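Have a look at the structure below before the remarks.
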Amino acid sequence: MSTVPAEALPTGAPSVRTGATADDEAAAPLAPRARLLPALAAVYRAQLSRARVARIPLLFVATFQSIGIMVLMRGVVDGGSEARAVVAGSTVLVVAFVALNLLAQYFGQLRATGGLDHYATLPVPPAAVVLGAAGAYASFTVPGTAVTAVAGSVLFGLPLGHLWILAAVVPLAGAALAGLGAALGLLAPRQELATLLGQLGMSAALLLGVLPAERLPDPIGWARDLLPSTYGVEALARTFDRSPDWAAVALDLAVCAVVGVVSLAVATWAYRRAAVR
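For the sequence shown, the working numbering gives the first residue as 514, with consecutive numbering after it.
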């Protein structure tokens, strides 16, 4: 019987190897990772669909809560800069309730129940998971913020002509608050702590955003400057003037954008850290 050298086998013909170990075998290649934008769009649609079903009652609560706060403050505040601060703070509070509080609870629950393992098995970039969830929760606040802003403007007699600025305030403030909420939920060692941190963050947005800045003591005013939602409140409040200072509005929105990028980057890092544990 004649033998044929292995080198003489046709290209692509399988060669027989005896005694090969598992380490000698080449691992089968995994499916390529999805690109960021298609993965982001898929996560965004899935999260938005889920939020639309599960979070609508909570959105009503957030909206009614903000309108109730404005009604209560109407008996204390007559008008002027204080009225503008109350309406702007109550409007952004809807964003804080959903994008910060609920998102912190959501990611805290995912981490506690092992839901992050599901995302970790998918060929989806970590940034797509964080950005998709944050974007869905921030988008979910649009109806509530619009209703609150219109109701507050009518209640305090403020002009309605510049409410189009909500198209910039909601996504930028929402990105900053959603990134903060996701980071809190992912970094909290326990689900209960994530819920507590989300509640505390929303309470800070309530107390430091709705109350007029000139009535706050200096140390609390410094804490207010560190809160991401403050700059969204300031930008919206300035547009209630008869002649808004658009340069100051743009500066506040730019700060919101920078804080949003930083907070979402921290949330992405926290997701990677939590997913590998």
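Note that CB positions come from ideal geometry on N, CA and C, so glycine has one too. Note that this is a predicted model, so its numbers are computed, not measured.
CA-CA distance, Gly602 to Arg786, rounds to 34 Å. Short of 7 Å from the beta carbon of Thr658, and not among the five residues preceding or following it, lie these beta carbons of its own chain, in chain order: Thr604, Val607, Val608, Leu679, Val683. Here the C-alpha atom of Thr576 lies approximately 25 Å from the C-alpha atom of Glu705. DSSP places Ala701 outside both helix and strand once states are collapsed to three, so it counts as coil.
Phe610 sits buried, since 16 or more C-beta atoms from the chains shown fall within 10 Å of its C-beta. Judged by DSSP in its simplified three-state form, Phe753 adopts coil rather than helix or strand. With fewer than 16 other Cβ atoms from the protein chains shown falling within 10 Å of its own Cβ, Ser562 counts as exposed. Taking Ser666 as reference, the option from Val600, Thr781, Ala649, Val589 with the minimal CA-CA separation is Val600.
Short of 6 Å from the beta carbon of Ala691, and not among the five residues preceding or following it, lie these beta carbons of its own chain, in chain order: Ala612, Leu616, Ala647, Tyr650, Ala651. Just measuring C-alpha positions, the residue of Gly711, Ser742, Phe573 sitting nearest Ala598 is Ser742.
Glu727 counts as exposed, since fewer than 16 other C-beta atoms from the protein chains shown sit within 10 angstroms of its C-beta.
Here the C-alpha atom of Phe669 lies approximately 28 Å from the C-alpha atom of Ala767. CA-CA distance, Ala763 to Trp677, rounds to 14 Å. The C-alpha of Ser776 is placed about 22 Å away from the C-alpha of Ala761.
Going by beta carbons, Pro636 and Ala788 fall outside the 8 Å limit.
Here DSSP, grouped into helix, strand and coil, assigns Leu724 to coil. Residue ranges of uninterrupted beta strand (DSSP E) with 3 or more members are absent from the region 644 to 700; none lies entirely inside it. Setting aside the 5 residues that flank it on each side, Asp591 has no residue in the same chain whose C-beta is closer than 7 Å to its C-beta.
A distance below 8 Å between beta-carbons, with the five flanking residues on each side excluded, links Pro757 to the following residues of its chain, in chain order: His675, Arg751. With distances taken between CA atoms, Leu550 lies nearest to Gly645 out of Gly645, Asp765, Met715.
Going by beta carbons, Ala701 and Leu710 fall inside the 8 Å limit. The beta carbon of Pro672 sits closer than 8 Å to the beta carbons of Ser666, Phe753, Arg755 from its chain, once the five residues preceding and following it are set aside; these are given in chain order. When the Cα atoms are used, Gly773 and Gln712 turn out to be separated by approximately 20 Å. Gly722 is positioned such that its CB atom lies closer than 8 Å to that of Val746. In terms of Cβ geometry, Ala552 and Ala641 form a close pair [threshold 8 Å].
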